[in-house]
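Report on the following structure.
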Amino acid sequence: MNLRALTRGDAAVAGAAVLLLISSFLPFRKLDCSGKYCPADASSNAWASGLFPLLPSVVLTGLIGAALILLFRLQKENWGTKQVAGLRLDQWGTALSVLSFWGCLWTLLGCPTALTNGVGAYLSLLSTLALAGAVIAGPLVPALQGPLLSDAPSPAATTPQPFPPYGGQPGQPGAYGYPGGQQQPFPGQQQPQADQTVPAAQQFGGQPAGGYGYPAPAQASAPAPQPAAQQPTAVQPAIQDQVPPQAAAAPFAPFWFAVPAVRQLANKDNPAAPPVGDLVPGTWYLAVDQRGAALVAQLPDGTHGVLNDTAGIQRG
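So for the sequence shown, the working numbering puts the first residue at 2; every next one is plus one.
Structure, rendered in structure tokens:
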């Protein structure tokens with residue numbers, strides 16, 4: 002579970018669910034009775050059988066909806082694109098949360114004449130309203146989209162250390178994507194022998210021996226040899242303007258990067274389709290291609306998507 006994927010909106014959903022659970026144990030209905038024949042305890046909570054179906058239609062519906070939303074956030078790498086009966090887990094959670102508030106509202110308005118609403122009823126209405134508002138406003142309000150947990154830089158740290166991507170541990174050069182480690186050759190690439198030294202220019206992307214996608218200072222390139230001056234002929238004049246050939250654009254080299262905040266990854270083939278996933282802080286992702294100012298990023302499960310907002314990203 003990736004706890005860094007949780008946002009402030011998810012924290013509001015969890016708080017509203019806890020408040021709803023507490024309200025279910027408080028008096029929901031009270032008997033409007035006075036006199037010596039009235040029972041000593043004239044109240045009942047949402048778990049009482051006499052108030053059925055209050056428990057499954059309001060309390061359990063809201064708790065299940067909040068649980069599905071939090072489960073989708075924590076397991077987004079596995080459940081990001083999977084659907085259950087045509088909807089994702091977060092969409093089911095949103096529908097159940099709104100349905101819980103709708104049922105609680107009509108339960109309060111439909112109180113019988115001989116009964117009165119207790120403190121549990123009003124607290125349930127408040128918690129279901131907060132739950133429905135959090136799940137609806139979470140994707141729309143920027144303040145609720147901020148990460149709940151952020152990495153605080155250590156005061157003793159003097160130089161930034163490379164973070165292991167996708168669960169790799171520091172100090173393991175063989176881990177996938179570790180910048181300082183020796184990478185395995187790609188399929189079809191000739192592996193050097195033990196007594197051979199691979200020049201830096203022959204590595205992937207023309208980078209020095211620092212690892213796949215690891216940035217390095219630019220190397221001084223040797224000037225291209227100038228073509229020999231051509232002797233004048235009867236057809237070609239002796240003096241003509243020499244136009245220098247344009248340098249070819251440097252090929253794109255994949256690199257690792259991290260995002261400062263949660264950002265959506267658009268569909269690579271259909272921009273109008275729903276996002277294929279989210280990039281969260283604290284995780285390194287691989288940029289495999291570039292489309293203008295946007296990057297084509299790869300998720301840990303192998304899914305590719307387009308990151309349109311590349312402002313403030315940190316290269317690995």
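We treat Cβ as the ideally placed atom computed from N, Cα and C, and that holds for glycine.
Note that the structure is predicted; figures quoted are calculated from it, not measured.
Can you tell me whether Q237 is buried or exposed? The criterion is at least 16 other CB atoms within 10 Å of its CB, across all chains shown. Interpretation of Q237 is limited by its pLDDT of 47, a score under 50 that renders its predicted location unreliable; the figure taken from the coordinates is listed afterwards. Looking at its Cβ environment, which holds fewer than 16 other Cβ atoms inside 10 Å, Q237 is exposed.
List the residues that DSSP assigns as beta-bridge partners of A144. DSSP, once it has assigned bridges, lists no residue as partnering A144.
For Q92, name the three-state secondary structure that DSSP assigns. DSSP, reduced to helix, strand and coil, places Q92 within a helical segment of the structure shown.
In terms of residue numbering, what span does the beta strand (DSSP E) encompassing V289 cover? DSSP places V289 in the uninterrupted beta strand (DSSP E) bounded by 286 to 292.
Proximal residues to A312 (C-beta, below 8 Å), its chain only, five neighbours per side dropped: Excluding its 5 nearest sequence neighbours in each direction, A312 has no C-beta neighbour in its own chain below 8 Å.
Please list the terminal residues of the continuous beta strand (DSSP E) segment that includes N118. Run containing N118: 116 to 118, per the beta strand (DSSP E) assignment.
Closest by C-alpha distance to A122, when choosing among T108, L132, G283: Ranked by Cα distance from A122, the first of T108, L132, G283 is T108.
Taking I70 as the reference, give the member of A262, A251, C34, V14 with the closest Cα. Nearest option by C-alpha distance: V14.
Taking 9 Å as the threshold (C-beta atoms), are N309 and A294 in contact? Yes.
Can you tell me whether W285 is buried or exposed? The criterion is at least 16 other CB atoms within 10 Å of its CB, across all chains shown. Counting Cβ neighbours within 10 Å, W285 comes out buried, since at least 16 surround it.
Going by CA-CA distance only, name the one from L61, R9, T82 that's closest to A135. Of the candidates L61, R9, T82, the one whose C-alpha sits nearest the C-alpha of A135 is R9.
Tell me whether T114 is buried or exposed, calling it buried when 16 or more other Cβ atoms sit within 10 Å of its Cβ. Exposed.
Pick helix, strand or coil for N46, following the three-state DSSP scheme. The answer is coil: DSSP assigns N46 none of H, G, I, E or B.
May I ask you to report which of helix, strand or coil DSSP gives V297? DSSP places V297 in strand when its eight states are reduced to three.
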